[in-house]
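Heads up: the sequence shown runs through residues 1 to 203, numbered per the UniProt record's numbering.
Worksheet: the structure to be examined is printed underneath.
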Amino acid sequence: MIRKATFLVSNTDPKKCPKPDRAEIAFIGRSNVGKSSLINMLTGVKELAKTSQKPGKTQLINHFTIDDRWYLVDLPGYGFAKVSKDKKVKWEKMISDYLTNRANLCGVIVLIDSRLEPQTIDLEFLNWCGEEGVPFAVAFTKADKQSKTQTEKNVRTFLNKLVEIFGETPDYFVTSAEKGQGKEELSGFLYELVSEFEAEGRN
């Protein structure tokens, strides 16, 4: 479990991110998927993921130091409805540069809204990760917002789509920031990734 989490820095340029001297795990998802809430739930710091978000500065790569050991990165949400084409192109370049070139990135947690049918934008992003060799796991959010049966049905439908794309089911977690569901499982997985990275001597 995460014991200590502190905001470190925000960037728009992947080249200016902190020195890649320790394991790093990024969180990304469609706008309004509940990313800040999930990060705050995992770290136990209520306003952690909000601290760097000044009005109009939503297009940022936000680094947090976890337990003085690894970096958690909060990436801006994709699928903005009201963003100009120019901004969208810049955002996509920033994120693709970060995800494909960050040497210490040992995993990306892609957040999916468990209340929805599979969304094309999510499937396209995961497909891109697969093509680019970006290691990912899926965290389904907002599991408390409908019945357990409905959550399970939606999760299964989405996972079936991923099996069609990848031929297998990726690591996945069903979470609720409000209820704390999935905290232990997902935290354990994050620390497995960090330990593997450290064991390989990449830091």
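The C-beta atom is built at its ideal place from N, Cα and C for all residues, glycine as well.
Figure out for me which residue from the options has the closest Cα to the Cα of residue i.
| i | options | result |
| --- | --- | --- |
| Thr149 | Arg69, Gly133, Arg115, Phe166 | Arg115 |
| Gln181 | Lys142, Lys19, Thr65, Asp13 | Lys142 |
| Gly79 | Arg102, Val134, Ile165, Ile95 | Ile95 |
| Leu75 | Arg69, Leu186, Glu92 | Glu92 |
| Asn59 | Leu8, Leu42, Gly77, Val73 | Reading off the sequence, residue 59 comes out as Gln, not Asn. Looking at the Cα atoms, Gly77 is the closest of the given residues. |
| Phe67 | Phe136, Gly133, Lys4, Asp97 | Here residue 67 turns out to be Asp, not Phe, going by the sequence shown. Ranking the options by Cα distance to Asp67, first place goes to Lys4. |
| Ala26 | Trp70, Gly201, Lys46 | Trp70 |
Once the 5 residues before and after residue i are set aside, which same chain residues still bring their CB inside 7 Å of it?
| i | result |
| --- | --- |
| Lys54 | Here Lys54 scores only 46 on pLDDT, less than 50, and its place in the model is too uncertain to base an answer on. |
| Asn11 | Cys17, Leu60, Ile61 |
| Thr175 | Leu38, Ala139, Phe140, Thr141, Ala143, Gln181, Gly182, Leu186 |
| Leu48 | Ala5, Phe7, Ile39, Asn40, Phe64 |
| Ser36 | Ala49, Lys50 |
| Ile2 | Leu42, Thr43, Gly44, Ile66, Asp67, Ser187 |
Give me the Cα-Cα distance between residue i and residue j, rounded to the nearest whole angstrom.
| i | j | result |
| --- | --- | --- |
| Val155 | Thr169 | 11 Å |
| Leu159 | Leu123 | 10 Å |
| Ala199 | Thr65 | 20 Å |
| Asn32 | Tyr172 | 19 Å |
| Phe189 | Thr43 | 14 Å |
| Pro20 | Phe136 | 19 Å |
| Val45 | Val9 | 17 Å |
| Lys57 | Glu192 | Residue placement at Lys57 is flagged as unreliable, the pLDDT there being 43, under the threshold of 50; the coordinate-derived value follows with that caveat. The straight-line gap from Cα to Cα measures roughly 32 Å. |
| Val134 | Ile28 | 13 Å |
For residue i and residue j, which I take to be in contact (beta-carbon distance under 8 Å), what is that distance rounded to the nearest angstrom?
| i | j | result |
| --- | --- | --- |
| Glu196 | Cys129 | No, Glu196 and Cys129 are not in contact; Cβ-Cβ is about 18 Å, not under 8 Å. |
| residue 204 | Glu24 | With the chain covering 1 to 203 only, the question about residue 204 has no answer from this structure. |
| Pro118 | Thr151 | Their Cβ separation, rounded to whole angstroms, is 14 Å, which puts Pro118 and Thr151 out of contact at 8 Å. |
| Ile121 | Arg30 | 6 Å |
Quick one: residues in its chain with C-beta nearer than 8 Å to the C-beta of residue i, no 5 flanking neighbours on either side, listed in chain order?
| i | result |
| --- | --- |
| Gly34 | Leu111, Asp113, Thr141, Lys142, Ala177 |
| Ile165 | Leu123, Leu126, Asn127, Gly130 |
| Glu132 | Ser96, Leu99, Thr100 |
| Val163 | Thr169 |
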